[in-house]
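First the structure, in the form of structure tokens, and then the observations on it.
In UniProt numbering, the protein residues as written are 1 to 653.
So this is what it looks like as structure tokens:
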């Protein structure tokens, strides 16, 4: 899916060269999501040579981010643009695009523009389903379109709203007297006309040093360095516990407020591009509008949060949104977690991180047992709801893709240990047929990101029908984590590789622990319960043993890489892992058959046999399939971190 990023500095001197590198690095942090073109927009300053000083500079390029970087610096050299020019206030936006409407090309790349002069610029993640109707309307009003994208209607619609609001003879004026329409009012009027899923960032020459961000159905985060009334103290996780205590004691009202004073702010599709700037963040909710505003050196910069209400009646043509009180959170990741380290690919790194991620997932939740404590499971997020879940008519697992497969793998444990019937639903299929969900049901929503669009829609559907909703996600503060009645955080750590590996195994572990918690101390299931607990406790060590076969699996991959297909068998809970292990050019598509009588070395046939035996005896020992898929994909020349037909969180589009 597309990635969006923005950076605003206020009362901090930054050279144009620095701002460019911040935007480029932000895009690099998002490139794992998949893309085929990219672009940025920055301020021209006093030395702009591509139009008036107030017109932003827009750079767009097909291909990888480094192609954009080269083209920007080539154009900078050709135009004598001063990279050393300093800005005390600057707002820049950036984007990686995966083509949906229109082929990969500079004209279809983002930021998309309102036209000559770039009065309004937009970067967009998602899809506008009614763009054709909007485009026809704008064409009738004299607007000319340069791209094939659905996004281009957004900046042009913003210009239409702005011009109409400032036209004294306009009948749809949304301003009072001589007062100009505000940036947030323009954006909210645009939102009123948009249908579909989107996360948007607006930049405008009419509102210099301001950015507007909004979302509906696509993820977006705000990261800020916040001033809370102290001259030199900013919201930072480097504070000592004593300073945190003082901050809370004397500035409690600022932790839940509608406006902060900010020195630096970043907006991003996910946390990977935020953490190197700040670990203080907020996840936007649907129909929230973030207004980043730094008008001049004499005025405080601010971050204002507004709530767009599509059903709100406007007064005198002006939409008067309600302010929103939101709390800031602290990112629980380090910059090192989003770096490859000594590995060639993120996927390789994350496969090898599984012993640690599994240990973290179980830490504090799985009790190993000693002289004072019996073996057991403690899940704080579910403890107040276990009785309700045990009395449920059934448990319904809902997910998409890998998350669905993880639930499928955990289903036998859930039924056996809890004694409650379990059914499976793919989120999109449930919604299409409006499958029955009852008040007596417990519905478990599984999502690595916590933002999967179909799963979120299924959650709303289940809540409407009165079911108890449980979330299992890997992202604190995500939409599913916020909107479910209770849940469990996976704790697998940051997963950047597009094909899920460590999140998949941790999801299965979490759902198995839920099954153990529901089963209690029933005598009939005691033996199975003890065996499952012992198996989970020993799982990280078993995965380490599998990972030691990395070199052997690479040798096996070299012999198999010329085969046209590979058939993976699985039975019972292993069936789900077999689905995850199916290999094609990009690891996630339908697999084929490798001939069983091919002329391979006996040693390798024996290795395959032994691996299959391990796989059959323990469904969580799927690391060897992940490694085999990884090596085969790399040997075939594909980019394992950016598969062309598989985007991270693709269902949000």
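Every residue, glycine too, gets a C-beta built ideally from N, C-alpha and C. Since the structure is predicted, the reported quantities are computational estimates derived from the model, not experimental observations.
Grab me the residues of residue i's own chain with a C-beta within less than 7 Å of its C-beta, minus the 5 sequence neighbours each way, in chain order.
i, result
"residue 477", "283, 329"
"residue 578", "568, 569, 570"
"residue 639", "none"
"residue 29", "272, 273, 338"
"residue 346", "32, 340, 496, 497, 641"
"residue 557", "628, 631, 632, 635"
"residue 469", "443, 445, 459, 462, 463, 484, 485"
"residue 711", "Residue 711 lies beyond the range of the chain shown here (1 to 653); nothing can be said about it."
Kindly list the residues whose CB is nearer than 6 Å to the CB of residue i, restricted to its own chain and excluding five residues on each side of it in sequence; keep chain order.
i, result
"residue 576", "405, 408, 409"
"residue 343", "349"
"residue 225", "234, 263, 264, 278"
"residue 94", "5, 23, 26, 27, 40"
"residue 378", "365"
"residue 236", "Because residue 236 sits at a pLDDT of 35, beneath the cut-off of 50, its placement in the model cannot be relied upon, and the following sentence gives the value as read from the coordinates. For residue 236, where only same-chain residues beyond five positions count, there are no Cβ hits under 6 Å."
"residue 60", "39, 106, 109"
"residue 493", "357"
"residue 353", "502"
"residue 129", "195, 196"
Just verifying my parser: in three-state terms, what is the DSSP assignment at residue i?
i, result
"residue 286", "coil"
"residue 124", "strand"
"residue 502", "helix"
"residue 306", "strand"
"residue 67", "helix"
"residue 225", "strand"
"residue 278", "coil"
"residue 210", "strand"
"residue 529", "helix"
"residue 9", "strand"
"residue 363", "coil"
"residue 264", "strand"
"residue 72", "helix"
"residue 137", "helix"
"residue 152", "coil"
"residue 119", "coil"
"residue 21", "helix"
"residue 273", "helix"
"residue 380", "coil"
"residue 330", "strand"
"residue 180", "coil"
"residue 634", "helix"
"residue 164", "helix"
Say the cut is 6 Å; is the CB of residue i nearer than that to a heavy atom of the ligand HEM?
i, result
"residue 182", "Looking at this structure, you won't find the ligand HEM or any other ligand, since it has none at all."
So residue i packs on residue j, CB below 8 Å; how close in whole Å?
i, j, result
"residue 628", "residue 553", "5 Å"
"residue 498", "residue 32", "6 Å"
"residue 503", "residue 474", "5 Å"
"residue 442", "residue 389", "5 Å"
"residue 396", "residue 425", "6 Å"
"residue 382", "residue 514", "7 Å"
"residue 202", "residue 87", "That pair is no contact at about 19 Å."
"residue 124", "residue 200", "5 Å"
"residue 150", "residue 131", "4 Å"
"residue 145", "residue 152", "6 Å"
"residue 186", "residue 154", "At roughly 11 Å, the Cβ-Cβ gap does not stay under 8 Å, so residue 186 and residue 154 are not in contact."
"residue 162", "residue 181", "7 Å"
"residue 221", "residue 287", "Not a contact, Cβ separation roughly 16 Å."
In the DSSP assignment, what are the bridge partners of residue i?
i, result
"residue 348", "Partner(s): none; residue 348 has no beta bridge."
"residue 198", "126, 217"
"residue 16", "Paired residues: none, contrary to the question."
"residue 33", "Residue 33 is not bridged to any residue."
"residue 292", "211, 303"
"residue 323", "306"
"residue 542", "Bridge partners of residue 542: none, in fact."
"residue 60", "39"
"residue 3", "96"
"residue 203", "121"
Within its chain, find whatever has a CB closer than 8 Å to the CB of residue i; leave out the 5 residues flanking it on each side and keep chain order.
i, result
"residue 197", "126, 127, 216, 217, 218, 453, 652, 653"
"residue 97", "2, 35, 36, 37, 38, 39, 104, 108, 109, 110"
"residue 62", "36, 37, 104, 105, 106, 109"
"residue 412", "572, 573"
"residue 431", "454, 457, 458, 461"
At 4 residues or longer, what runs of the alpha helix (DSSP H) sit wholly inside the UniProt domain "SIS" (385-524)?
386-390, 401-418, 427-433, 453-464, 479-483, 502-519
Could you name each continuous beta strand (DSSP E) segment of 3 residues or more that falls completely within the stretch 72-117, going from the start of the chain to the end?
86-97
Runs of 4 residues minimum, wholly inside the stretch 549-577: which ones carry the alpha helix (DSSP H) assignment?
550-560
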